[in-house]
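Read top to bottom, the protein sequences are chains A and B. Residues in the first sequence are numbered consecutively from 12, following this note's numbering. Residues in the second sequence are numbered consecutively from -7, following this note's numbering. Backbone N, C-alpha and C define an ideal beta-carbon position, used for all residues, glycine too. Quick caveat: nothing in here was measured; it's all calculated off a predicted structure. Here's the structure we're looking at; comments come further down.
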Amino acid sequence: MKRTLLGNEAIAWGLLYAKVDVMAAYPGTPSSEILETYQKLVRQKNLPAYVEWSTNEKVAFETAYAAAITGKRAACGMKMVGLNVASDALMSSAYIGNKGGFLIISADDPGFYSSQTEQDSRYFAKFARIPALDPSSPEDAFRLAVIGVNLSEKFEIPVILRPVLRVCHGRQIVDIPDFEFEGREGKFERNIERWAAVPRNPRLKQGYELLEKLQRIAQFNYDEFLKPQVEKLRGGKLLIIASGTSYSYVLEVLEDTGLKADVLKIDMPTPLPSEKLSDLISSYEEVIVFEETYPLVEEQIRHLGNVRGKLTGDVFQIDEVTHDRVADTLLKRGHISRNIYVGKEYEGEVPPRVPALCPGCPHRTVFYGMKKVFGNKAIYPSDIGCYTLGLNQKAVDTVLCMGASVGLSCGFSKSDTEKPIVATIGDSTFLHAGIPPLIDAVANRHKFVLVIMDNSTVAMTGLQPTPERIGNVSIPKIVEGCGVKPLILDYDGTIKTTVEFFKKVKEIYEKANGPVVAIVNEFCTFDKEKVKLPGKFAKVDQDKCTGCGHCINDFGCPAFEWNDEGKVEVNPYFCVGCGVCLSDLCPFDAFVEDVR
Amino acid sequence: MRYQIVLTGVGGQGTIFLVKLLARCALNKGIDFIGTETHGMAQKGGTVISYLKIGDFKAPLVGEGQADLLLGLYPTETLRFLHYLKPEGYIVTNIEDGFPEINGFNVFTVKASELAVKGEVNPKSLNVFILGYALKVIENFPFSKEEVEKAIVELNPRFADVNIEALNKGYGVVM
């Protein structure tokens, strides 16, 4: 049946089509909708399958991998930085292998749209010596998800499916053939030599087996993916080799410009049977390689002919592929006479629009209160989540990776002993990677304040449930178990209470000789179960507003706007009626209620 | 049929719903569709841009200078992405007080936010309202109002009445 599917939805359909009956994931843009869709379909159709949001990507990997050890078909999902977290398990699992098919879906984000790195998960596959599949569109992602599961089972090796943002959040009409779903009974069979292989000899043996497997998979790559295409190539001056979404752009640019060239699509960029492509590549005057994001394919074939790409400076090296960038390379190499992908920019000025915390978000009030009490001198390490946007209030000084607010605070506390340190972290990030550094802080007496902004949901990626919500896991008890009795604030939507709370935190911090933990119980304004907005809308008394800018600079609700008179107005279209600005924000009490 | 749309706005205005809606229209009509949309971090009150390609296309993004229509839910974001539009392409956009004069394109504007604040248009259906207006003013749009209405009902029956009302209000805007 034909459906309009997001790439992530197409991948979830692919998993079910391939009879994957265990899936685990940790949310992260652009990957989150894969598990959401898988879970929705499993529930809707009442399928015999197990699905979970795990505490972090390593746990998701291990949960799914165990299922594959027992012979079930399994998948885990994450964004590429999540694969960094799961990489310890990944590297070792490559040697050990699996019985049931095991697909690792690692979604890349070329262009840094919602990630702190660009990376290229295909390199992780090469590093771990396992195959990677690189889909070019949502439709292709469905196809390669199915192939990936089967390939993994055939060769008893984990396989990485690497969709990029434009595949994950691409939308396309995809034809899903009818299928019957059946699960498998998992059966762990003791095989100590395999599942508990230790250094040196058992692991060395697995290492040799892995090398031999890779040879066979490279042959499979040639037979299944490359040979059928190679046989149809017409020959000529130019061959374009494209992996992933680049393939789609190349096809459109060729069509739009009328340029005739052979195109070879790479489905499996590693292991690539390079030597088998030797005659082909050397038969063209020029070969151009397009791929995201690093030159993985190019590196493997550049010695075989006149190969142009990122390494020769002919193809973009960072950021995502576009028509313009493909055309630019073809123009510079003399294959087309002009780049048609040029539009007319607006000549006037468009005010920049930076991402900001949503109107009514409790994080904003907490940052405001925290900053007011601890001042400009303090160091504010923060973490990965919506609250990273506290940087607009200058209440976030560092962003490194999941859990690093706590780890960096440990180091800052010993390296800059002059300044107070006030770290912020969300509940999901704390549970994901914040606990080990907190234990370190207690054990080694690192003195800082850790503010856990707890809205008991993974808000940034679309409100996925957290261990608190689904399993009654208690963050205060965890903190206490680490050795710190936390201070707790139930957010009440007022600046006054929030400031008073942080004054108390500061008093305790001044006397402390280790970490102080403050937990603020908040809500996400999109969380229908917990949101509390009083419906007190705001407007600005223009006679009282002096245009001092305090509200915009230090609080920064997106509904606040400068008007032509240099004063502030509340844009009624954005105001959600949280009422926070109505008291204790404006030094001149200019915010008044806008009764609607 | 080949038609390319760039749809812009700010987070929370429901651009993704419009993408789903027009994709559904394409499915119903047996026409191919590919596109891509903004989710996640980029969404938080920030710029949102979606690309919709109706017909025989392969790549999700619209090339610069290639779009037939720039559909804008928020005025500044319309101006920000002008470069996607082809010469003589259509701009259909929500505006606030004023909107600069832009030459070389077919420009249609409507003060939709104002109508939403006044309660004349449901703020949650502002997206569909603008689409309704676009259906009225654009020649050779790939889908008819009836086809869009059918897709609205299929996509979200619970809010279909509100959305169809907004669509018709947009369609009925006096120019």
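Closest Cα partner of residue 578 of chain A within the set A:595, A:553, A:567
A:553
Compare the C-alpha of residue 108 of chain A against each of A:142, A:124, A:134, A:130 and name the closest.
A:142
Under the three-state reduction of DSSP, which class applies to residue 43 of chain B: helix, strand or coil?
strand
Classification of residue 371 of chain A by the beta-carbon crowding that lies within 10 angstroms, buried from 16 upward
buried
Taking 9 Å as the CB-CB limit, is residue 359 of chain A close to chain B?
yes
Neighbouring residues, chain B, relative to residue 177 of chain A (Cβ below 7 Å)
28, 52, 53
What's the C-alpha gap between residue 107 of chain B and residue 70 of chain B?
19 Å
Going straight from the alpha carbon of residue 101 of chain B to that of residue 495 of chain A, what length do you get?
59 Å
Residue 41 of chain A beta carbon less than 9 Å from that of residue 64 of chain A
no
Taking any Cβ of chain B, which residues in the region 183 to 207 of chain A have a Cβ under 7 Å from it, in chain order?
183, 184
Going by DSSP, name the residue or residues bridged to residue 501 of chain A.
A:532
When you compare the CB positions of residue 332 of chain A and residue 260 of chain A, do they come within less than 9 Å of one another, or not?
yes
Leaving aside the five residues before and after residue 221 of chain A along the sequence, list all residues of the same chain whose C-beta is less than 6 Å from its C-beta, in chain order.
106, 140
Candidates B:161, B:20, B:98, B:76, of which the one nearest residue 146 of chain B by Cα
B:20
Compare the C-beta of residue 10 of chain A with all C-beta atoms of chain B and state if any pair is closer than 9 Å.
Since the first residue shown for chain A is 12 and the last is 607, residue 10 of chain A is missing from the structure and cannot be characterised.
Between the alpha carbons of residue 527 of chain A and residue 48 of chain A, how many angstroms are there, rounded?
40 Å
Pop quiz: residue 150 of chain A and residue 21 of chain A are said to be a contact at Cβ under 8 Å. What is the actual Cβ separation, rounded to whole angstroms?
7 Å
Straight-line CA distance for residue 66 of chain A to residue 74 of chain A?
11 Å
State the CB to CB distance for the pair residue 464 of chain A and residue 377 of chain A, rounded to an integer number of angstroms; the pair is presumed to be in contact (CB under 8 Å).
6 Å
If residue 68 of chain A sits next to residue 96 of chain A, beta carbons under 8 Å apart, how far is it from one beta carbon to the other, in whole angstroms?
5 Å
Run the CB neighbour count on residue 24 of chain A, radius 10 Å, all protein chains shown included, and call it buried at 16 or more, exposed below.
buried
Over the uninterrupted alpha helix (DSSP H) stretch that includes residue 624 of chain A, give me the two end residues.
The requested residue 624 of chain A does not occur in the structure, where chain A is confined to residues 12 to 607.
Interface residues of the region 62 to 90 of chain B facing chain A [CB-CB below 8 Å]
68, 69, 71, 72, 74, 75, 76, 77, 78, 79
Would residue 335 of chain A pass as a contact of residue 353 of chain A if the rule is Cβ separation under 9 Å?
yes
Since residue 608 of chain A is in the alpha helix (DSSP H), which residue starts that stretch and which ends it?
Shown here, chain A extends from 12 to 607; a query on residue 608 of chain A therefore has no answer.
Using a Cβ-Cβ cut-off of 6 Å (strictly less than) and excluding sequence neighbours within five positions of residue 7 of chain B, which residues of its own chain qualify?
-1, 1, 40, 42
Determine which residues share a DSSP beta bridge with residue 419 of chain A and list them.
According to DSSP, which records beta bridges pairwise, residue 419 of chain A is partnered with nothing at all.
9 Å is my cut-off, CB to CB: does residue 152 of chain B come that close to chain A?
no
Helix, strand or coil: how does DSSP classify residue 61 of chain A here?
strand
Would you please verify whether the beta carbon of residue 49 of chain B is less than 9 Å from any beta carbon of chain A?
yes
If residue 81 of chain B sits next to residue 62 of chain B, beta carbons under 8 Å apart, how far is it from one beta carbon to the other, in whole angstroms?
7 Å
For the region 243 to 270 of chain A, which segments carrying the alpha helix (DSSP H) assignment without a break, of at least 4 residues, lie completely within its bounds, in sequence order?
256 to 268
Could you give the DSSP three-state label for residue 100 of chain B: helix, strand or coil?
strand
Residue span of the beta strand (DSSP E) that contains residue 83 of chain A, given as start and end
Run containing residue 83 of chain A: none; DSSP gives neither H nor E here.
Endpoints, alpha helix (DSSP H) assigned at residue 601 of chain A:
First-last for residue 601 of chain A: undefined, no H or E at that position.
Contacts of residue 260 of chain A in chain B (Cβ-Cβ under 7 Å):
51
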